[in-house]
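Enquirer: This is the structure, below, for whatever I ask next.
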Amino acid sequence: SPTPEPMDKGVTMHRLSGAFTHFLNLLSGLAFAAALLINAANVAGRYLFHSPIFWAEEVTTLLIIWSVCLMSYRLTLHGENLSAEILKPLLPRAALRWVAFVLAAAGAILCGYFAYNAYLVVELVARFSQVTNVAEIPKQYVNGSIFAAFVLACLGGIVRSLSLLVSDQLLAASEPVEVQDALAGSK
1092 SPTPEPMDKG VTMHRLSGAF THFLNLLSGL AFAAALLINA ANVAGRYLFH
1142 SPIFWAEEVT TLLIIWSVCL MSYRLTLHGE NLSAEILKPL LPRAALRWVA
1192 FVLAAAGAIL CGYFAYNAYL VVELVARFSQ VTNVAEIPKQ YVNGSIFAAF
1242 VLACLGGIVR SLSLLVSDQL LAASEPVEVQ DALAGSK
């Protein structure tokens, strides 16, 4: 009987990346939903019972910041953060692939550098036990969102770079869905 071929590494990386993106989307959505619920409760408390939740605005802001930062992996993976739009009409697809690779690799390196420096800030505020003014949330959780954003963007850049070495599949994903739909309709 023929021996089964090992699963393609590109397919495995794509599946893992998709699962990770789905997980981050879920976390981001939960953080945003929690922010909406807290805000709604605060509005109801303020106007119906004349008793606002004193910590609601600070926690809502923190949850929205985390919600946005958790999306940095997906944005970087699909090239929605850095692109060379001006070069698209001038270069052939193969050259665009290498431009996208260089941007993704340089972005990953820069994000790694910024993640390291964000970690130093998080470590510093943790060492001094700093907390937020109203809700008294440890500031390492607040500043940790920036650290998480850069770590996730670095990972997204690494995965994008590796994917672009293998195929140009991610090039099409770098266009927003609205642009892809418009281009598909004009053909």
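Heads up: the sequence shown begins at 1092 in the numbering used here, then just goes up one per residue. By construction, the Cβ of each residue, glycine as well, lies at the ideal position given by its N, Cα and C atoms.
Terminal residues of the continuous alpha helix (DSSP H) containing Q1231?
Expert: Run containing Q1231: K1230 to V1257, per the alpha helix (DSSP H) assignment.
Enquirer: I'd like the span of the alpha helix (DSSP H) that includes P1149, first residue to last.
Expert: In the sequence as displayed, the identity of residue 1149 is Glu instead of Pro. Unbroken alpha helix (DSSP H) run through E1149: A1147 to C1160.
Enquirer: Among all the DSSP beta bridges, which residues are the ones paired with V1222?
Expert: Partner(s): P1229.
Enquirer: Quick one: using the 10 Å Cβ neighbour count with 16 as the cut-off for buried, is T1167 buried or exposed?
Expert: With 16 or more other Cβ atoms within 10 Å, it is buried.
Enquirer: Starting from S1163, trace the alpha helix (DSSP H) both ways and give me its first and last residue.
Expert: Counting along the chain, the alpha helix (DSSP H) containing S1163 begins and ends at S1163 to L1168.
Enquirer: Identify, in the order they occur along the chain, each residue of the same chain with its Cβ nearer than 6 Å to the Cβ of D1259, setting aside the five sequence neighbours on each side.
Expert: Taken in chain order, the residues that qualify are R1188.
Enquirer: In its own chain, which residues sit with a C-beta less than 6 Å from the C-beta of I1249, not counting the 5 before and 5 after it?
Expert: So the qualifying residues of the chain are A1199.
Enquirer: Please state if the CB of A1126 and the CB of L1107 are separated by a distance shorter than 7 Å.
Expert: Not a contact, by the Cβ cut-off of 7 Å.
Enquirer: Which same chain residues, not among the five before or five after A1217, have their C-beta less than 6 Å away from its C-beta?
Expert: Excluding residues within five positions, the ones whose Cβ falls inside 6 Å are Q1231.
Enquirer: Using the Cα positions of N1130 and E1148, report the straight-line distance between them to the nearest angstrom.
Expert: Rounded to whole angstroms, N1130 to E1148 spans 7 Å at the Cα level.
Enquirer: Rounded to whole angstroms, what's the CA-CA distance from I1177 to F1192? Just pull it up for me.
Expert: Near 16 Å, if we compare the C-alpha coordinates of F1192 and I1177.
Enquirer: Within 10 Å of its beta-carbon, does T1103 have 16 or more other beta-carbons around it, so buried, or fewer, so exposed?
Expert: By the 10 Å Cβ count, T1103 comes out exposed.
Enquirer: Less than 7 Å between the C-beta atoms of L1118 and L1161, yes or no?
Expert: Yes, the Cβ-Cβ distance between L1118 and L1161 is below 7 Å.
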